[in-house]
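Those protein sequences? They're chains H and A, same order as listed.
With our numbering, letter number 145 in the first sequence gets 145, and the count goes up by one each step, no holes.
Position in the second sequence counted from 1, then plus 369, gives you our numbering.
Just so it is clear, CB atoms sit at the ideal spot from N, CA and C, and this is done for glycine as well.
These notes are about the structure you will find just below.
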Amino acid sequence: MAESRLPHPDLPPPANTMGLLAWMRRNLFSSPLNIALTGLAAYLLWISVPPLLNWTLFNATWSGDTREACQGASGACWVFIRVHFEQFLYGFYPEAQRWRVNTAVLLLILGVAPLFMRTIPNPVKVKLGSSLLVVYPLIAFALLKGGLFGLSNVETSRWGGLLLTLVIAGVGMAAALPLGVLLALGRRSKMPAIQTLCVTFIEFWRGVPLITVLFMSSVMLPLFLPEGMNFDKLLRALIGVTLFQAAYMAEVVRGGLQAIPKGQLEAAAALGLGYWKTMALIVLPQALKLVIPGIVNTFIALFKDTSLVLIIGLFDLMNMVHNATTNPDWLGFSTEGYVFAAAVYWLFCFSMSRYSQNLEKRLHTGHKR
Amino acid sequence: MNSPSTARDLLSEQRMIQMEGVHKWYGAFHVLKNINLTVQKSERIVICGPSGSGKSTAIRCINRLEEYQRGRIVVDGKELSNDVKLIEQIRRDVGMVFQHFNLFPHLTVLENCVLAPIWVRKMPRQQAEEFAMQYLERVKIPEQARKYPGQLSGGQQQRVAIARSLCMNPKIMLFDEPTSALDPEMIKEVLDTMVTLAEDGMTMICVTHEMGFAKTVAHRVIFMDGGEIIEQNSPDEFFTNPQSERTRLFLSQILHH
Chain H
1 MAESRLPHPD LPPPANTMGL LAWMRRNLFS SPLNIALTGL AAYLLWISVP PLLNWTLFNA
61 TWSGDTREAC QGASGACWVF IRVHFEQFLY GFYPEAQRWR VNTAVLLLIL GVAPLFMRTI
121 PNPVKVKLGS SLLVVYPLIA FALLKGGLFG LSNVETSRWG GLLLTLVIAG VGMAAALPLG
181 VLLALGRRSK MPAIQTLCVT FIEFWRGVPL ITVLFMSSVM LPLFLPEGMN FDKLLRALIG
241 VTLFQAAYMA EVVRGGLQAI PKGQLEAAAA LGLGYWKTMA LIVLPQALKL VIPGIVNTFI
301 ALFKDTSLVL IIGLFDLMNM VHNATTNPDW LGFSTEGYVF AAAVYWLFCF SMSRYSQNLE
361 KRLHTGHKR
Chain A
370 MNSPSTARDL LSEQRMIQME GVHKWYGAFH VLKNINLTVQ KSERIVICGP SGSGKSTAIR
430 CINRLEEYQR GRIVVDGKEL SNDVKLIEQI RRDVGMVFQH FNLFPHLTVL ENCVLAPIWV
490 RKMPRQQAEE FAMQYLERVK IPEQARKYPG QLSGGQQQRV AIARSLCMNP KIMLFDEPTS
550 ALDPEMIKEV LDTMVTLAED GMTMICVTHE MGFAKTVAHR VIFMDGGEII EQNSPDEFFT
610 NPQSERTRLF LSQILHH
């Protein structure tokens, strides 16, 4: 007869492995070196944080409308930012027309919000997202540029500040990702003509600095165009930024494509799926998920690179801030200006980074293939 | 092997697969040498042989996952060519189950099953899902339909892979070592599923080392070595009275390991 055997009961873990004290012992004071490093870190925080807080918050000037308000204060003069705030947001966009910018932003938020809601099923999101990608730029352009439906015309040279930064970054991201995906697929194509074309394109754009691309678009390109033909400077910058980033995106996506095992392609083929369906339904969903960190990395770089358009005379957020610091009435506040610009850039880039981490976690369907 | 006899020609409308003088090279390496094989409707074939003998390559030629350089293959009356549309058409009717399952890890079990019926057969989603649930019940895992492949055991994944192929309502099923990547405990559940499939009259070609399966299910056992078909026979004859010395050696090795 088999001996009856009770399963071993689950025991609680030893007392000194749980809780705050155990965490501190493990992470902060586990060895003499770690104790020394913890002490050093505490000392550095002690000498750097209080003055920083004093400058930005406690000794800063918040109210007032002129530079006299900041006289004698040892902290930051945020009045400088407050006075120029609208300029930083809209650039030289006519004041009476700024509601159009606000409407465009509001529409974007309304259109994009459903894409972030988990209760809405994915097929609906795909349809919504792709139609948004086509329709929204047209609506936004009509709203911002005007000249239609009784809206007065606002030249793109007057667009500026955060508005311009978001236009360049938004268009760049929305156009560079699909283009990058196509280039990546093309580079792995079995058709030599397409492959050569894609490789040449990617290697050309990756080999040139963005500043050169922007200079070329604004200085060189008009020389090659016939007399009198001149297309918008902003449009040229947008095309330059998009093509440049698409080349980087292509290489990021290609990394993901290479990580998909051959068995996935074989299984798709065995079911009778053709090339485009295999790519769209099987390979890209997996490959893009794998390279989310790389894609977001490129997006963040793109967002920050938009500040380079200042060298071709477009007044993005960075250039507007720079412009304000040279205002004769407000000389001497460049620190505040650049800290503000940095904070805005940081806010956008950090949000993208957090969102991507969240997305990765959510799309994780577990374990090995 | 000899060319097909005239008696078989009379049954040509029943003929599902016909391979004639198929040769394949990987570069300079001659992997398939003059493969001739005819499979009738509802016939069940087991192919065995040592690793590297070309058995997987041979069945992968049937749905054109592998190209071949000489000879011809006719599947359900359609001769394979380089025409992509034709190949896709043939693949719809030829299901394949792989050694490593090759489920789509980003889709749930149910989504894995309905993907091809919806996108290839243009079936409405609801009908495809009902259809898929029937097959998942048949492979005895309907309760896993909403899970992702990564959450299932190997045996369950392979059964999902079988269900996924069946959802396309194939006329032929190819099995490429379906149990080789499984733990011993899980081999049985997959073999049982394949036996039920056999009982329903599915035309099957199965590359496997499961000799028990071959004995009970196969109409014919084919032994391959060095890229050639060395011997084909009924299971009884094959196991009790192998014709060639090479087959005898192989059998003695796998039956007494």
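When Cβ-Cβ separations below 8 Å define contact, E597(A) makes no contact with chain H.
Within the stretch 453–485 of chain A, the residues whose Cβ lies closer than 7 Å to some Cβ of chain H are E457, R460, R461, M465, F467, H469, N471, F473, P474, H475, L484, A485, listed in chain order. About 42 Å separates the beta carbon of G294(H) from that of G332(H), a gap too long to meet the 8 Å contact definition. Contact with chain H is absent for V443(A), since none of that chain's Cβ atoms lies less than 8 Å from the residue's Cβ.
One finds P474, H475, Y517, G519 in chain A with Cβ atoms closer than 7 Å to the Cβ of T365(H), taken in chain order. Secondary structure of L401(A) (DSSP, three-state): strand.
Within the stretch 165–196 of chain H, not one residue has a Cβ closer than 8 Å to any Cβ of chain A. Between S534(A) and V483(A), the CB-CB gap reaches or exceeds 8 Å. Measuring C-alpha to C-alpha distances from A532(A) to each of E546(A), T565(A), S549(A) identifies T565(A) as the nearest.
Boundaries of the alpha helix (DSSP H) around N34(H): 32–53.
Here the C-alpha atom of D316(H) lies approximately 20 Å from the C-alpha atom of T103(H). In summary, L543(A) is buried, with 16 or more beta-carbon neighbours lying within 10 Å of its beta-carbon over all protein chains present.
A direct Cα-to-Cα measurement between I282(H) and Q503(A) gives close to 24 Å. Sequence-ordered contacts of the stretch 281–307 of chain H with chain A read L281, I282, P285, Q286, K289 [C-beta pairs closer than 9 Å]. Excluding five sequence positions before and after V529(A), the CB atoms of its chain that fall closer than 8 Å to its own CB belong to F470, L472, V478, N481, C482, L505, V508, I510, Q513, P518, L521, given in chain order. The beta carbons of M173(H) and L302(H) sit about 6 Å from each other, so the pair counts as a contact at 8 Å. Listed in chain order, the beta strand (DSSP E) runs fully inside the stretch 123–151 of chain H amount to none, counting runs of at least 3 residues.
Below the 7 Å Cβ cutoff, chain H contributes E266, A269, A270 as neighbours of L434(A), in chain order. Closest in C-alpha terms to K262(H), from the list I459(A), L434(A), S422(A), comes L434(A). In the three-state reduction of the DSSP assignment, I442(A) falls in the strand class, which pools E and B. A check of alpha carbon separations from L406(A) across D561(A), V415(A), P611(A) identifies V415(A) as the nearest. Each residue's CA atom was taken as its position, placing T609(A) and L271(H) some 38 Å apart. Closest by C-alpha distance to S334(H), out of T325(H), F340(H), M249(H), A342(H), is T325(H). G263(H) reaches chain A at F467, H469, N471, counting residues in chain order whose Cβ is nearer than 7 Å. For the pair P328(H) and G180(H), the Cα-to-Cα distance works out to about 45 Å.
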